[in-house]
């Protein structure tokens with residue numbers, strides 16, 4: 001699997017993650033924001049994070065900074081809160097003295113611990129991009145500046161504002177809001193670091209070094225980043241294959257399960273392809289490096305996961321638009337709250353108005369709304385990658401669950417894509433093993449996949465093959481030649497008819513095998529029909545189960561293949577597929593997709609070849625087999641690494657679970673704000689006699705953001721057995 005569309009090619013010898021030694025950072029909520037080096041998002045103020053996480057994850061510098069600010073100022077927040085709640089009761093200080101002491105204790109919390117929040121708030125105003133920091137900055141600075149004015153110039157306030165010999169101040173509200181916001185950010189940053197665990201586990205698969213064989217046959221261990229295409233490398237037993245390439249010498253079984261999910265090691269000998277990061281089990285191999293750095297299969301997988309995690313779901317775009325207007329609406333509600341309480345509330349009305357306005361600004365922070373879908377997408381992309389399913393973008397995750405029609409290619413998708421020997425029938429007077437030996441001897445010179453299947457069967461049976469003389473290929477109908485002095489013909493009925501050889505006695509058996517999906521070749525020896533050989537492309541063991549379960553889930557499965565109608569129908573019959581289109585060209589597949597879409601169907605297309613690319617691109621969701629071609633994978637939105645149709649069921653289950661998770665997050669975020677804003681504005685005061693403290697509002701805001709993140713992380717435990725209920 002070597003898709004090229006996602007990676008940024010790196011120069012020779014450079015590490016995968018490095019682009020001229022610059023680490024690029026992006027915003028989890030606005031993936032279009034990219035910059036070299038860390039910082040804050042100009043749109044939402046959120047901390048930028050590396051596009052590609054580091055393998056050795058150091059503690060997030062911002063988490064370190066926020067933790068330091070939080071823990072150093074927490075004792076001050078606790079003291080100022082206790083003082084505000086009980087200082088006058090204990091008669092510790094007299095009148096205005098308490099205001100001065102609260103000012104001294106709270107100022108480091110507001111001005112130092114809260115400084116990053118004010119920087120973001122100011123930037124949001126300059127950028128004309130109102131966000132959660134606009135509200136926090138407005139709310140805390142309003143409470144703090146009002147309290148400073150009450151401390152410095154108490155005589156400027158009406159006597160109705162006076163309580164116990166001093167003007168009431170709200171330093172503790174500003175300090176507690178800052179401390180709780182810091183705590184909420186710390187929890188969120190910790191949880192967000194877990195979403196990149198899937199990418200780090202993929203990056204961790206690659207070995208750090210490779211053993212290069214130099215021109216003088218000396219060997220040395222070199223860093224992986226120093227491997228160049230064309231280098232000869234030794235892979236010893238128990239070592240990981242360093243990069244993608246070809247086996248030059250040796251034979252071994254290679255465990256590819258970490259990339260394909262296939263538990264059985266694959267036998268590799270000279271000429272076989274090797275994938276970087278797979279495990280060499282027992283033999284020693286010499287390989288030639290072909291693809292290094294960002295061109296390797298592993299790098300492509302990492303790039304696809306990164307791209308999916310950083311893309312925006314259609315649902316997220318709507319949430320972004322709402323969040324922008326939402327902040328302006330909240331500010332308007334806060335102003336109306338201040339004025340309403342000031343003009344019509346009980347005394348001191350303007351103080352009540354200020355405190356309720358601050359509570360509205362704080363509780364309505366749209367942080368939970370902004371995180372609702374990106375968190376779900378990031379966790380789901382990582383979960384899918386670990387199950388052999390790669391989503392190219394968030395839209396694919398969101399759309400897959402709605403698919404009601406699946407068009408599948410036959411060769412390489414439903415079947416293995418590699419012909420295998422199926423059976424043999426010898427004519428009267430001929431020995432079956434001799435028929436196989438002669439056919440295989442002749443076929444050694446052919447490049448045709450059907451010929452390979454016959455030669456492999458003869459070798460597996462230990463038959464001694466002879467060299468073929470006068471070998472020639474009769475285009476499209478078979479081959480001719482001499483083996484051990486006998487004149488041989490091997491091909492279809494047309495080839496034998498040209499030579500005047502009758503094969504009538506073998507036709508009934510041929511018809512039976514053909515109806516089972518096999519391709520038939522007849523062998524004639526010295527002008528007599530000697531037997532027939534059947535070769536078929538075996539159906540993948542999981543295909544029938546996958547088709548049955550998709551149909552049970554209400555998905556209409558259609559086969560479209562370039563193969564002849566007889567073979568296509570035979571395979572479809574075995575799999576329980578009723579709608580079959582045979583001898584279909586690439587443009588016909590694309591037209592079939594378009595016709596179904598025109599009839600109001602939501603169509604997924606699953607294929608593995610270059611001929612499937614137009615249809616994969618046209619479909620609502622294109623699904624490529626990871627065992628197929630680059631072109632197919634570049635055209636598709638979903639890649640099944642193992643090339644197994646059961647992966648579609650896993651992907652569909654995850655799509656349903658993810659969208660359900662997004663709905664839960666968005667519903668919670670909206671419901672929280674719908675209830676919180678009227679409560680903070682004091683609309684229920686006539687009924688309950690209670691107002692919502694800005695401190696409680698800050699706690700609720702932090703809890704809402706954290707709960708959205710932790711709900712998204714539940715997706716890591718989602719069941720992907722394909723039995724998920726319809727979303």
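In full-length UniProt numbering, the protein residues as written are 1 to 727.
For each residue, glycine too, the CB sits at the ideal point set by N, CA and C.
This one's a predicted model, so the numbers in the text were calculated from it and none came from an experiment.
In the DSSP assignment, the beta strand (DSSP E) including residue 639 goes from what residue to what residue? 638-640
Just the Cα atoms here: how many angstroms apart are residue 45 and residue 272? 51 Å
Only counting the same chain, and skipping five residues up and downstream in sequence, which positions put a Cβ closer than 8 Å to that of residue 220? 211, 212, 214
Are residue 482 and residue 464 touching if we call contact CB-CB under 8 Å? no
Is residue 528 buried or exposed, if buried means 16 or more other CB atoms sit within 10 Å of its CB? exposed
Taking C-beta to C-beta, are residue 538 and residue 415 nearer than 8 Å? yes
Distance check for residue 96 and residue 107, CA to CA, integer angstroms please. 17 Å
Measure how close the beta-carbons of residue 545 and residue 646 come, nearest whole angstrom, since I'm counting them as under 8 Å. 7 Å
Return the CA-CA distance between residue 653 and residue 547, expressed in angstroms with no decimal places. 15 Å
Report the residue ranges of all alpha helix (DSSP H) runs contained in full by the segment 645-725; include only those spanning at least 4 residues, in chain order. 646-681, 685-688, 694-713
Using three-state DSSP, classify residue 454 as helix, strand or coil. helix
According to DSSP, is residue 443 part of a helix, a strand, or is it coil? helix
Indicate whether residue 182 and residue 69 have their beta-carbon atoms separated by less than 8 Å. yes
Between the Cα of residue 602 and those of 622, 588, 587, spot the shortest distance and give me the residue it belongs to. 622
For residue 268, three-class secondary structure by DSSP: strand
Report the rounded CA-to-CA distance for residue 326 versus residue 571, giving the unit in angstroms. 56 Å
Count the other CB atoms within 10 Å of the CB of residue 515; is the residue buried (16 or more) or exposed (fewer)? exposed
Contact under 8 Å by Cβ, residue 513 with residue 534: yes
At a cut of 8 Å, does the segment 700-711 reach the segment 386-401 through at least three beta carbon pairs? no
Only counting the same chain, and skipping five residues up and downstream in sequence, which positions put a Cβ closer than 7 Å to that of residue 580? 559, 568, 569, 572
Rounded to whole angstroms, what's the CA-CA distance from residue 443 to residue 455? Just pull it up for me. 7 Å
Considering just the uninterrupted stretch of the alpha helix (DSSP H) at residue 583, what are its terminal residues? No alpha helix (DSSP H) contains residue 583, which DSSP labels as neither H nor E.
May I ask you to list the residues that DSSP assigns as paired with residue 729? For residue 729 there is no data in the structure shown, the boundaries of the chain being 1 and 727.
Would you mind giving the Cβ-Cβ distance between residue 205 and residue 277, rounded to the nearest angstrom? I have them listed as a contact below 8 Å. 4 Å
C-alpha distance - residue 616 paired with residue 487, whole-angstrom precision: 47 Å
Output the distance between the C-alpha atoms of residue 495 and residue 432, rounded to the nearest integer angstrom. 21 Å
Do residue 173 and residue 150 have their beta-carbon atoms positioned less than 8 Å apart in this structure? no
May I ask you to report which of helix, strand or coil DSSP gives residue 493? helix
Buried or exposed: which applies to residue 384, given that a residue is buried once 16 or more other Cβ atoms fall within 10 Å of its Cβ? buried
Pairs of beta-carbons, one from the segment 583-600 and one from the segment 404-421, closer than 8 Å: are there three or more? yes
Inter-stretch contact at 8 Å, needing at least 3 Cβ pairs: the segment 230-239 / the segment 276-291: yes
Can you tell me which of the three DSSP states residue 40 falls into? strand
Residues near residue 251 by beta carbon distance below 6 Å, same chain, minus five either side: 269, 283
Per DSSP, the bridge partner or partners of residue 339: Answer is none; residue 339 lacks a bridge partner.
So who's on the other strand from residue 528, going by DSSP bridges? 525
Do residue 337 and residue 669 count as a contact pair if the criterion is CB distance below 8 Å? no
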